[in-house]
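Line by line, the protein sequences are chains A and B. Heads up, the first sequence is in numbering that gives the first Met the number 0, so the first residue is 0 and it goes up one at a time. Heads up, the second sequence is in numbering that gives the first Met the number 0, so the first residue is 0 and it goes up one at a time. Quick reminder that beta carbons are idealized off the backbone N, C-alpha and C, glycines included. Please read these numbers as outputs of a predicted model, since none were measured by experiment. Notes to accompany the following structure.
2 protein chains.
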Amino acid sequence: MNELERLKNIIKSFSVSNKTLAVAESCTGGYISHMITNISGASNVFDMGIVCYSNQSKIQLLNVEAESIESYGSVSKEVAKQLAFNIRNISHTDIGVGITGIAGPTGGTKQKPVGLVYIGFSTNEKTDVYKYEFKADRISFKKLVLEKVLDYLVELGK
Amino acid sequence: MNELERLKNIIKSFSVSNKTLAVAESCTGGYISHMITNISGASNVFDMGIVCYSNQSKIQLLNVEAESIESYGSVSKEVAKQLAFNIRNISHTDIGVGITGIAGPTGGTKQKPVGLVYIGFSTNEKTDVYKYEFKADRISFKKLVLEKVLDYLVELGK
Numbered sequence: 000m001n002e003l004e005r006l007k008n009i010i011k012s013f014s015v016s017n018k019t020l021a022v023a024e025s026c027t028g029g030y031i032s033h034m035i036t037n038i039s040g041a042s043n044v045f046d047m048g049i050v051c052y053s054n055q056s057k058i059q060l061l062n063v064e065a066e067s068i069e070s071y072g073s074v075s076k077e078v079a080k081q082l083a084f085n086i087r088n089i090s091h092t093d094i095g096v097g098i099t100g101i102a103g104p105t106g107g108t109k110q111k112p113v114g115l116v117y118i119g120f121s122t123n124e125k126t127d128v129y130k131y132e133f134k135a136d137r138i139s140f141k142k143l144v145l146e147k148v149l150d151y152l153v154e155l156g157k
Numbered sequence: 000m001n002e003l004e005r006l007k008n009i010i011k012s013f014s015v016s017n018k019t020l021a022v023a024e025s026c027t028g029g030y031i032s033h034m035i036t037n038i039s040g041a042s043n044v045f046d047m048g049i050v051c052y053s054n055q056s057k058i059q060l061l062n063v064e065a066e067s068i069e070s071y072g073s074v075s076k077e078v079a080k081q082l083a084f085n086i087r088n089i090s091h092t093d094i095g096v097g098i099t100g101i102a103g104p105t106g107g108t109k110q111k112p113v114g115l116v117y118i119g120f121s122t123n124e125k126t127d128v129y130k131y132e133f134k135a136d137r138i139s140f141k142k143l144v145l146e147k148v149l150d151y152l153v154e155l156g157k
């Protein structure tokens, strides 16, 4: 099944389950929200997206703790968890997605290389964060993150 | 010049002028932020994007007046103006972009047809809103809005 079909099925599944969704994304820069909103009917499911590119915007809009960014870095499991949990609470939706990573080509370090990404999913039951490392250019990186997001949303939309 | 080259030039121009940018977009659903952040170096210029898809998110995140939405509708000059002005103030950036429209295929009326879009640009000097009507499918609509946004950003980045 291609990406568009998967997205359509997810929007349909969320609609049928009467579930709603919000996304806080850093390194994907709006791509996840963009792809979801390409689907007609997305407005029944998708409430808001926040592209929290700067650290300040993560703190200001998503209530990420400044201490967490200082201690763990903005690309960390802790920050992804707060992004996912907080966007769900801010938007009063059922599912919150939080994404932070390094799209590259610059900004990588030995410990946190280009392509590293943490993706968090928050429901009223739990908030889980998954770690990936994608060796890809800046634009392919976004697409690879989307694929993973869709893998989880298929399950969460049921 | 193709779109990617135009985007690169705009990011470069903003960087050289030491200007920053934030985007509040409704109908384009994250596409404008996504395309800007495809450019390496965007993080020096682009601070945040808000995809305020629901009316509630426009009120809650962008401080759009509920009375304006009631009086003029969420797709209106007044709401675009508030989106542009308020995202600039919230983000403390130099340029705020606010976009509200009807991507379709549903949601249009005789007075506000599918393809109608208001695009606002706010600087510390003024906030202007431009009205367009694009006869296009949902995805082409986003691209046509981006083209117009870039036309104005070329000038504003100088």
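Report task. Give the interface partners of F45 (chain B) over in chain A, defined as CB-CB distance under 9 Å, in chain order. Result -> In chain order: G28, V50, Y52 and S53.
**Report entry** Cβ of T36 (chain A) within 8 Å of any chain B Cβ
**Finding:** With a threshold of 8 Å between beta carbons, T36 (chain A) makes contact with chain B.
Query raised in the report: Three or more C-beta pairs closer than 8 Å, one from the region 47 to 67 of chain A and one from the region 75 to 93 of chain A: is that the case here?
Result: Touching, yes.
Requested in this report: Please state whether DSSP places S121 (chain B) in a helix, a strand or coil.
Outcome: When DSSP states are grouped into helix, strand and coil, S121 (chain B) belongs to the strand group.
Query - Three-state secondary structure assigned by DSSP to K130 (chain B) - result: For K130 (chain B), the three-state secondary structure derived from DSSP is strand.
Requested in this report: Work out the CA separation of I9 (chain B) and L149 (chain B) for me, nearest whole Å.
Outcome: Straight-line Cα distance between these residues: approximately 8 Å.
Query raised in the report: Is the CB of S121 (chain A) under 8 Å away from at least one CB in chain B?
Result: Output row for S121 (chain A): interface = no.
Query - Interface residues of chain B facing P104 (chain A) [CB-CB closer than 8 Å] - result: For P104 (chain A), the chain B residues whose Cβ falls inside 8 Å of its Cβ are S39, in order along the chain.
Query raised in the report: Should the region 93 to 100 of chain B be regarded as contacting the region 19 to 37 of chain B, the criterion being three or more beta carbon pairs within less than 8 Å?
Result: Yes: the two stretches touch, three or more of their Cβ pairs being nearer than 8 Å.
Query raised in the report: Are the region 28 to 43 of chain A and the region 32 to 40 of chain B touching by the rule of at least three beta carbon pairs closer than 8 Å?
Result: Taking 8 Å as the limit for Cβ pairs, the verdict is that the region 32 to 40 of chain B does touch the region 28 to 43 of chain A.
Query - Stretch-stretch touch, CB-based, cutoff 8 Å, three pairs: the region 33 to 53 of chain B with the region 10 to 19 of chain B - result: As far as the Cβ criterion goes, the region 33 to 53 of chain B touches the region 10 to 19 of chain B, which means the pair count is three or higher.
Query raised in the report: Between L3 (chain B) and G72 (chain A), what straight-line distance do the alpha-carbon atoms span, to the nearest angstrom?
Result: Pairing L3 (chain B) with G72 (chain A), the inter-Cα distance amounts to about 31 Å.
**Report entry** Straight-line Cα distance separating F120 (chain A) from T126 (chain A)
**Finding:** Going from the Cα of T126 (chain A) to the Cα of F120 (chain A) covers about 6 Å.
Requested in this report: Note down the Cα distance separating N37 (chain B) from K142 (chain A), rounded to an integer number of angstroms.
Outcome: The straight-line gap separating the alpha-carbon atoms of N37 (chain B) and K142 (chain A) is approximately 12 Å.
Query - Residue nearest to I138 (chain A) in terms of C-alpha spacing, selected from B:K18, B:S16, B:V15 and B:S39 - result: Closest in C-alpha terms to I138 (chain A), from the list B:K18, B:S16, B:V15 and B:S39, comes B:S39.
Query raised in the report: Looking at the C-beta of R5 (chain A), does it have a partner C-beta in chain B at a distance below 8 Å?
Result: By the rule that beta-carbons nearer than 8 Å mark a contact, R5 (chain A) does not touch chain B.
Query - Distance, P112 (chain A) Cα to P104 (chain A) Cα - result: Answer to the nearest angstrom: the Cα atoms are 10 Å apart.
**Report entry** Through-space distance from I89 (chain A) to K109 (chain A), alpha-carbon basis
**Finding:** The alpha-carbon separation between K109 (chain A) and I89 (chain A) amounts to approximately 34 Å.
Query - Residue closest to V78 (chain B), alpha-carbon to alpha-carbon, out of B:S56, B:V144 and B:T19 - result: The shortest C-alpha separation from V78 (chain B) is found at B:S56.
**Report entry** Minimum length 3: unbroken beta strand (DSSP E) runs contained in the region 12 to 61 of chain B
**Finding:** List check, beta strand (DSSP E) in window: 20 to 24 and 45 to 51.
Query raised in the report: Beta-carbon of V139 (chain B) versus every beta-carbon of chain A: anything under 8 Å?
Result: In the sequence on display, residue 139 (chain B) carries Ser and not Val. By this cut-off, S139 (chain B) is not an interface position.
Requested in this report: Report the residue from B:Y129, B:Y117, B:I86 and B:V153 whose alpha carbon sits nearest the alpha carbon of I49 (chain A).
Outcome: Here the closest residue by C-alpha is B:I86.
**Report entry** Burial state of M0 (chain A) (16 or more Cβ within 10 Å)
**Finding:** Burial call: exposed.
**Report entry** Below-8 Å beta-carbon distance, S75 (chain A) vs any chain B residue
**Finding:** No, its Cβ sits nowhere closer than 8 Å to a Cβ of chain B.
Query - alpha helix (DSSP H) segment containing I86 (chain A), residue limits - result: From DSSP, the alpha helix (DSSP H) with I86 (chain A) extends over K76 to S90.
Query raised in the report: What span of residues does the beta strand (DSSP E) with I98 (chain A) cover, start to end?
Result: Counted as a single uninterrupted DSSP element, the beta strand (DSSP E) harbouring I98 (chain A) occupies residues I94 to G100.
Query raised in the report: For a contact meaning CB atoms closer than 8 Å, what does D14 (chain B) contact in chain A?
Result: In the sequence on display, residue 14 (chain B) carries Ser and not Asp. What S14 (chain B) touches in chain A: nothing, since even the nearest Cβ is about 14 Å away.
Requested in this report: Output yes or no for whether 8 Å exceeds the beta carbon distance between L20 (chain B) and V74 (chain B).
Outcome: No, the pair does not count as a contact, with Cβ atoms beyond the cut-off.
**Report entry** Beta bridge counterpart(s) of V116 (chain A) as assigned by DSSP
**Finding:** For V116 (chain A), which the question treats as bridged, DSSP gives the partners A:G100 and A:Y131.
Query - Candidates B:I101, B:E69 and B:M47: closest to F140 (chain B) by CA position - result: Comparing Cα-Cα distances from F140 (chain B) to each of B:I101, B:E69 and B:M47, the minimum goes to B:I101.
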